[in-house]
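Working notes, beginning with the structure itself.
Residue numbers (the working numbering), protein chains in the order written: chain A, 1 to 639; chain B, 640 to 1278.
Okay, structure coming up:
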């Protein structure tokens, strides 16, 4: 690992987003998603599934108070993933085992939002939630409402399934964001206290366990970066090093003999440093891989970085949907085998693509290679954005590339494929994850090292660094133009990512290409302009992917396009794109020459060359699909 | 309904099969499948899952003896579908709730086999089993080992799930076959005694229930035909008329309010006479539809026959695989929605295609229309034959049209798709069902009415009827030739089915075409020859079926062909058939001109016309696939 190449991302307080494309979306998150989720956490959204999140914290707070007074509380079973109204007693914990994380994710989004856009009323509401949360913390620092409410004698007895360390991770991330935005350290102190308990509980000569659902690793690195307490970094490293060792801790805690290679789902089948393929639950995967990259960088650990690179390559080249979606199977919400990327059965969870962006940024910080930001861009502009309705009030968890509503309704194999976005879910991982990512885009735009600022995403913004203040004006999505007004503090190099989709660009300055970036020496105040040619392209998926044989997709810039029934009538599979279509781009939509196969009457008949009528095919950006009612959709089209 | 058109099938004792294609297969069933299953029923096959079938009858026999003596037996729960070694006490019932049916199906096959090929040793073994079975019958006629062993006070309390009436149906069919072959009426008397109990238990002013898994209806019609006892026919009619009435009996027996339209799985969502689409568990479906056709004919019931025709049309035109497979989804082993016929996720159970043949014959007996025998032929020569390995020692339950072994191993959605045939299963529905169908092909070959003998399947055989003795010599599968040496008893009409796949044929006599049959007047002793042109055809599936867009299949005569990896190397999806291939037919295989798409390196790249190498593609009959080890297979190929 070449330590000279290390970079760090610019922080949220150094970058202010102001972008024609993104302003609308971040405003929806600020004005619609965050307030909506505030109510959802208290179960005040009519027609939405109950969260129980704040209710659990209030219950836990009362029990924590009793524990301090030495008063015993009733014990309830802590033995399953979800506790619904029917199966759980009134005073017991309700909801999913990871329900606490909802409010932490919300607080994280609120922190980012407040930094971009101060809002006293919102801050007051967040402070009230923090008060409720902190009251639930036990004296020893422990804070997970499932075990506090149901049985605090069983804490840390099922790391594999019951998400205590996962909730802890989100608590830390929420606390850091909120502290950075407001200076209010109440939640941060609580998080550190919990972190200290964890450091005292796990490690060499202590419990040699690790999280069933990763994220604590990433969070502990962040906490170390903020507090400079090395024990947090070491704790993260321990979790990564210990994972997958035999005998498996997950077997030990269940009191049984080690079962060989049974933990692919948790990426705990072998030690992370020996892994080279993305497997198991996709969100867990990318959260682990992100932390592996963090630790590889922090400890200059070549072996671990090599594992990260192998896994990255495996995802990028064999397990990535064109939309940046990952996780091809609903079973375990997991990565499937190489090149298994079915369109109509995809899982491609919004959260997984968000996690892929986390992983990508960390890889960018380890190594100069535009692939990382290329993939992040693909995920961001397609699967991540697709996750949210235009009004920010309904969400996709699953982002398929082909939808036939009839199949979703009648075919149980496709029950996870929703033809329209849904309201708040009880298992509400994706909406708050979306909110926190979109509110912190600032942190995913630029990285820098000693002499270079890397522009990874072309998002209009103002940035301040030790090298220069730069005003970036972007109409990247519309016409590929980005300009940089640079007020130099000292000479430096500006490195502009040349996106993999781009065949041709105009750059107003001299540059040198390396690792996918155009490097420009900046000595004085200057203005630089780059224009990427935004031609509509037909993109072919490797013919190793069986689902896409004989088909192609349409892209313009980073946006993947799709066809919908409402524009092209029923039976999208009968459409065929001309190999040399005359593309017309109008108001964000693309019109192309094509054909419609004439329907067969007989189920089986002697082969005759299919007959086609000419037609115009309308494509819209994939991320906008499903906003006009239930209908067929497809990314790929026959060619 | 035009009663003049009614026909009946020729019985097994009037037709003797002697056919170059079928002799080998019926011999495998006789010499390999039947002896193998004899051992499997006693759990004497090493490495095969346990059946527990005979073991249960022995246990039940002991308890039945105690009951006669007024001695109480311990009670075990009768509350689930399967009782494995771990979950059931030693003295309790073991296996699936329908386990009794295995031996009945075996006895049915043995009966047919003995008629074709007497065998004292086999008959002795069957008699021993019948002895064990009859000892388990209670004095009131009841015979189902689950309830006799576990709790005979709960009999007939869960018709929906626990298969007592299903086992009864198979008992009747087995008993009739065995009686016809041997004249031994011991099992037949036991079956009649059980049938009498059922007639006394169910009906108007009695329990208004009906079977959860249909077959008793069909069996009761057969029992009526043998015994001429009208009560059996009426009982079958009652079961069909009562089915699907509201409030649902299945709700009543579970003590709850009727849930609307919840019983599609059992075809009990509405009354059969108002059904017009094939839904739910495919085997149950075709067993019900078969009985509906029986009852429609017996009672000259136009309304019921119209329902049969609608359902038939729905299967034939919207829910039938090219291989004659039905049931497109593993979930509920069920029919999916119209035109949903995925190749790689197909269920297409062997038993379902067997049941489709039952349904087809009964429809042929109601109406002169070659479609019925066409579909039966499609099912017989493809999915049914595919169900059994060449040596008769392993079996497919599921008959997919596309297999990628990797997907079967790693993708849980395809766990039901087995790349190689399996040994005996504990849920061994298909192997004995195959044995009984293949041993009774005689009954599926000809139908007749007052003046006409219909040749539905072209299987070499000798038949005796009131009109003529006919020797049929057939090399249908090899070269499409069939000849008929006719010794007339009285003038009659011979009707030869002209298969739907056949464009051209030579017939040595004058004929008139009607409803898909060539009608030939026969007045004197004569010899007639017909030769069907056996050209290799490319067959297109309707483009309403999404899975087959841009693809085609190859057929020769009734045989559907497929490609296998062992002949064509890996990645069969890269192969493309020429639109005008020069087909070469050699030793049952077909060689064709085609192309292999050159593999892409990049997962995503700008579209370029795919590049192909020329190649020769080898096709083998679908029913022979999977006999040379685990490998890729596909029926459809790009064109």
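Using N, Cα and C, we set each Cβ at its ideal position, and we do this for glycine too.
Listing by chain order, which chain B residues have their CB less than 9 Å from the CB of residue i?
i                      : result
residue 539 of chain A : 1243, 1244, 1245 and 1246
So, does the CB of residue i fall closer than 8 Å to a CB anywhere in chain B?
i                      : result
residue 573 of chain A : yes
residue 284 of chain A : no
residue 640 of chain A : Since the first and last residues shown for chain A are 1 and 639, residue 640 of chain A lies out of range.
residue 546 of chain A : yes
residue 578 of chain A : no
residue 311 of chain A : no
residue 161 of chain A : no
residue 345 of chain A : yes
Would you report the Cα separation of residue i and residue j, rounded to the nearest angstrom?
i                       : j                       : result
residue 330 of chain A  : residue 84 of chain A   : 22 Å
residue 376 of chain A  : residue 497 of chain A  : 12 Å
residue 978 of chain B  : residue 23 of chain A   : 45 Å
residue 420 of chain A  : residue 898 of chain B  : 27 Å
residue 883 of chain B  : residue 901 of chain B  : 10 Å
residue 444 of chain A  : residue 618 of chain A  : 32 Å
residue 415 of chain A  : residue 436 of chain A  : 28 Å
residue 1090 of chain B : residue 1134 of chain B : 10 Å
residue 725 of chain B  : residue 1033 of chain B : 26 Å
residue 511 of chain A  : residue 165 of chain A  : 47 Å
residue 1047 of chain B : residue 920 of chain B  : 22 Å
residue 681 of chain B  : residue 739 of chain B  : 12 Å
residue 386 of chain A  : residue 537 of chain A  : 20 Å
residue 1165 of chain B : residue 1092 of chain B : 15 Å
Once DSSP output is grouped into helix, strand and coil, what is the label at residue i?
i                       : result
residue 432 of chain A  : helix
residue 776 of chain B  : coil
residue 157 of chain A  : coil
residue 99 of chain A   : coil
residue 409 of chain A  : helix
residue 1275 of chain B : coil
residue 231 of chain A  : helix
residue 214 of chain A  : coil
residue 974 of chain B  : coil
residue 1025 of chain B : helix
residue 128 of chain A  : helix
residue 193 of chain A  : helix
On the DSSP bridge assignment, give the partners of residue i in chain order.
i                       : result
residue 1157 of chain B : B:1135 and B:1152
residue 1233 of chain B : B:1216 and B:1254
residue 553 of chain A  : A:539
residue 415 of chain A  : None, per the DSSP bridge assignment.
residue 819 of chain B  : DSSP lists no partner for residue 819 of chain B.
residue 669 of chain B  : Answer is none; residue 669 of chain B lacks a bridge partner.
Counting only C-beta atoms, is residue i closer than 8 Å to chain A at any point?
i                       : result
residue 1203 of chain B : no
residue 963 of chain B  : no
residue 1046 of chain B : yes
residue 662 of chain B  : no
residue 1277 of chain B : yes
residue 959 of chain B  : yes
Going along chain A in order, which residues have a C-beta closer than 8 Å to the C-beta of residue i?
i                       : result
residue 1196 of chain B : The contacting residues do not exist; residue 1196 of chain B stays about 14 Å from chain A at best.
residue 1015 of chain B : By Cβ distance, chain A contributes nothing, its closest Cβ being about 15 Å from residue 1015 of chain B, past 8 Å.
residue 976 of chain B  : 406, 407, 410 and 411
Would you mind telling me which residues of chain B sit closer than 8 Å to residue i, beta carbon to beta carbon, in chain order?
i                      : result
residue 329 of chain A : 1050, 1051 and 1052
residue 593 of chain A : By Cβ distance, chain B contributes nothing, its closest Cβ being about 15 Å from residue 593 of chain A, past 8 Å.
Using a Cβ cut-off of 9 Å, pull out every chain A residue sitting near residue i, in sequence order please.
i                       : result
residue 1182 of chain B : 571, 573, 574, 597, 598, 599, 600 and 610
So which residues of chain B does residue i contact, with C-beta pairs closer than 7 Å?
i                      : result
residue 317 of chain A : 1242
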